[in-house]
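This report refers to the structure that appears directly beneath it.
There are 2 protein chains.
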Amino acid sequence: MIEKEIRVAVIDDEASIRESLRHWCNWQTGFQCVGAWQTVPDALAAIPWIQPQVLLLDLHLADSESVESIPALKSKVPDMAVMMLTGEDDYYWVEQALQRGADGYLTKKNATDLLARAIRDVLLGGSPLTPDVSRKLIAAHINASPDSARLDQLSPRERMVIAKLAEGMVYKEIAEHFGISIETVRTHSRRIFKKLNVGTKTEAVLKYLKSIRPNGAPPGC
Amino acid sequence: MIEKEIRVAVIDDEASIRESLRHWCNWQTGFQCVGAWQTVPDALAAIPWIQPQVLLLDLHLADSESVESIPALKSKVPDMAVMMLTGEDDYYWVEQALQRGADGYLTKKNATDLLARAIRDVLLGGSPLTPDVSRKLIAAHINASPDSARLDQLSPRERMVIAKLAEGMVYKEIAEHFGISIETVRTHSRRIFKKLNVGTKTEAVLKYLKSIRPNGAPPGC
DNA sequence: ATACGGATCCCCCATTTGTGGGACTTTTGG
DNA sequence: CCAAAAGTCCCACAAATGGGGGATCCGTAT
Chain Y
95 MIEKEIRVAV IDDEASIRES LRHWCNWQTG FQCVGAWQTV PDALAAIPWI QPQVLLLDLH
155 LADSESVESI PALKSKVPDM AVMMLTGEDD YYWVEQALQR GADGYLTKKN ATDLLARAIR
215 DVLLGGSPLT PDVSRKLIAA HINASPDSAR LDQLSPRERM VIAKLAEGMV YKEIAEHFGI
275 SIETVRTHSR RIFKKLNVGT KTEAVLKYLK SIRPNGAPPG C
Chain Z
95 MIEKEIRVAV IDDEASIRES LRHWCNWQTG FQCVGAWQTV PDALAAIPWI QPQVLLLDLH
155 LADSESVESI PALKSKVPDM AVMMLTGEDD YYWVEQALQR GADGYLTKKN ATDLLARAIR
215 DVLLGGSPLT PDVSRKLIAA HINASPDSAR LDQLSPRERM VIAKLAEGMV YKEIAEHFGI
275 SIETVRTHSR RIFKKLNVGT KTEAVLKYLK SIRPNGAPPG C
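Chains Y and Z supply the protein sequences, listed in that same order. Each residue of the first sequence is one higher than the one before, counting from 95 in my numbering. Each residue of the second sequence is one higher than the one before, counting from 95 in my numbering.
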C-alpha cells in the first residue's frame, strides 16, 4: 500500500520547518514525503521526475520568489496541488498566490492539526483555506474584479501593444505600426504575459477584453 | 517614364472584355497593362512575378471563384489593390468581395469613364465604389452585423473547436479535451479560418466573440 | 550617485501555428 | 444508392510564437 500513499513534497528555506514537515508526512499514515527542497530552482529540477501530488510551498522564501514561481511549478506537474504555508496572513500575498494558481492557503499556526485534512481536501478538488484567510478573501471579493487590477500593472507601452494584440494584429504588424523592432514587441508581449499570468496571445487578449470592459461593450468600441 | 506608369492587370473570362480593358489601359496615358488572364489560377501563377499595382477582377468568373480568390490574390502581392468589375450590382457579392479584401467595386456600365480616376483613387488608399454600390453598402451597414452570419457556416464540430479556442486553449489542449488528434484540430481550425476569413487564432476568436454576442455580454458568460 | 523601471534591440532554441497538399471513414440528404 | 458534407488523420515546410538569456539608453527616485 505504499503505492496508495499521498505523495507530498515540501519547499521551505528554513531547515527546521522543512525537516519537521518531512517527518510529519512520513509519520502520518497515508502520506509520504517524496521531496523537500530549500529553494524553488532545486524543486523545479526535481519535481518532473518525482511527480508529487501535493506541494507544500512556504511563502517565506526570499521576497516574492515563491509566489512568482507557482505557475512554473504547476507547469512541470500540471495536476499537482500547490498548498501555500505562511506565518502571517498578509492578504496581498494570498491574492497573489491564488491568482497564480495556488490551490490552498494555510497559516502556519494552526497548520499542523489541519494539514492532513487540508491535503486530502485539496486532492479532492477543494481549496482549503484557514478561516482567517478565507475571511479576507471573501471581503476582497465582494467588490473587486481581481483581474482588472492586473491591467494597470502594465506599462504605457505594454498597454499600447496589447491593445493591438486585441485587434488581432500579429507581432510583425504591431512592430510596423509603432515603427519599432519585432523583437521589442516580443519583449513587451513576454512581459505582458507574465503580468497577466498567461501563456499565449489569445489568452492575453481574452483577459484584456474582460478587464477593459467587464460589463461587456462591443469589441468594436 | 515607362517606370512611372501604373501597372494594371486584368482577370476576365470573357475575351472581348479582357482585351478591351487591356487596350484601354495601354491607350490611356499613365497606365500600362502588365497582364490579362482568363482564369484566377493563371493569374495566381503570374502575379508574383508581375507585381501589378492594381488588379481588375471580373465578378463574372464561374460562380464564386473570383470572390473566393481575392484573399489568395492579395496574399501573392500584399499591397496590390483589387478592383471588382461587375455588370449587375448584386449586393450579396459586393459584401462578399469587400469582406474578402476588395478595394473597389465598379459596375461595368459606367466603368469606362470612371475607371481611370478609380484606379488612381484606389492607389491613394481610397475605395472607389460606383454610386449604386455605395448606396446599397450604406443601407446594409446601418442595421447589420455583417460577420455574425458567418458563424452558421461553421459545422457543429468546428463550432465546438472555436468555442475552446475562445477559452484560450491551444491546439494540443483542445485535442486532448475532445479525445482527437491534434491534426484534426488543426484541420478544423484551418477551415474555420477560411470560413471566417481570418489568418490567426486570435482573429478568429475576436470574430467569434463579436458574432456570438454582438451586444457584448462578458466573455465569462 | 546609483539603483530601478521602462523601452529598445539582439541571439538562441523548442514548440506551435498557418498552409499546402492527400486520404480515409461516417453521416446525411436527395 | 450516390454524392456531398463532415470528421478524422497524416506529412511536410515555413513562419510565428513563447521563453531564456543579455545589453544599452534614459529618466526618476532614492
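Glycine included, C-beta positions come from ideal geometry on N, C-alpha and C. Remember, it's a predicted structure, so these values are computed and weren't measured experimentally.
Neighbour list for residue i in chain Y, Cβ cutoff strictly below 7 Å
i, result
"residue 326 (chain Z)", "Examination of residue 326 (chain Z) is not possible in this model, given that chain Z is present from 95 through 315 alone."
"residue 85 (chain Z)", "Past the boundaries of the shown model lies residue 85 (chain Z); chain Z is included only from 95 to 315, so the question cannot be answered."
Cutoff 7 Å: residue i Cβ touching any chain Z Cβ
i, result
"residue 300 (chain Y)", "yes"
"residue 110 (chain Y)", "no"
"residue 240 (chain Y)", "For residue 240 (chain Y), the pLDDT reaches just 47, beneath the cut-off of 50, and the residue's location in the model is therefore unreliable, although a value from the coordinates is still provided. Residue 240 (chain Y) does not count as touching chain Z."
Exposure of residue i, with buried meaning 16 or more beta-carbon neighbours within 10 Å
i, result
"residue 197 (chain Y)", "buried"
"residue 212 (chain Z)", "buried"
"residue 301 (chain Y)", "buried"
"residue 130 (chain Y)", "buried"
"residue 282 (chain Z)", "buried"
"residue 391 (chain Z)", "Here chain Z covers residues 95 to 315 and nothing more, so residue 391 (chain Z) does not appear."
"residue 166 (chain Y)", "exposed"
"residue 243 (chain Z)", "Caution applies to residue 243 (chain Z), whose pLDDT of 49 falls short of 50 and renders its modelled position unreliable; the model cannot decide the point."
"residue 142 (chain Z)", "exposed"
"residue 273 (chain Y)", "exposed"
"residue 295 (chain Y)", "buried"
"residue 275 (chain Z)", "exposed"
"residue 136 (chain Y)", "exposed"
"residue 277 (chain Y)", "exposed"
"residue 270 (chain Z)", "exposed"
"residue 239 (chain Y)", "Caution applies to residue 239 (chain Y), whose pLDDT of 43 falls short of 50 and renders its modelled position unreliable; the value that the coordinates give is listed next. The residue is exposed, with fewer than 16 neighbouring Cβ atoms inside 10 Å."
Listed by chain order, chain Y residues near residue i by CB distance under 9 Å
i, result
"residue 259 (chain Z)", "296"
Identity of the residue in the options nearest residue i by Cα
i, options, result
"residue 115 (chain Z)", "Z:267, Z:149, Z:135", "Z:149"
"residue 133 (chain Y)", "Y:112, Y:118, Y:144, Y:117", "Y:112"
"residue 144 (chain Y)", "Y:255, Y:103, Y:210", "Y:103"
"residue 147 (chain Z)", "Z:177, Z:264, Z:199", "Z:177"
"residue 305 (chain Z)", "Z:278, Z:101, Z:191, Z:257", "Z:257"
"residue 180 (chain Y)", "Y:199, Y:140, Y:251", "Y:199"
"residue 138 (chain Z)", "Z:99, Z:297, Z:249, Z:162", "Z:162"
"residue 118 (chain Z)", "Z:209, Z:303, Z:153", "Z:209"
"residue 249 (chain Z)", "Z:286, Z:201, Z:151", "Z:286"
"residue 245 (chain Z)", "Z:99, Z:100, Z:303, Z:262", "Z:303"
"residue 263 (chain Y)", "Y:153, Y:216, Y:299", "Y:299"
"residue 214 (chain Z)", "Z:191, Z:253, Z:174", "Z:174"
"residue 127 (chain Z)", "Z:216, Z:152, Z:99", "Z:99"
"residue 297 (chain Z)", "Y:265, Y:260, Y:268", "Y:260"
Short CB-CB distance (under 7 Å) between residue i and chain Y
i, result
"residue 305 (chain Z)", "no"
Using 8 Å as the threshold, is the region 164-177 of chain Z in touch with the region 110-123 of chain Z, meaning 3 or more CB pairs across them? no
Cβ pair count under 8 Å reaching 3, the region 107-115 of chain Z against the region 278-292 of chain Y: no
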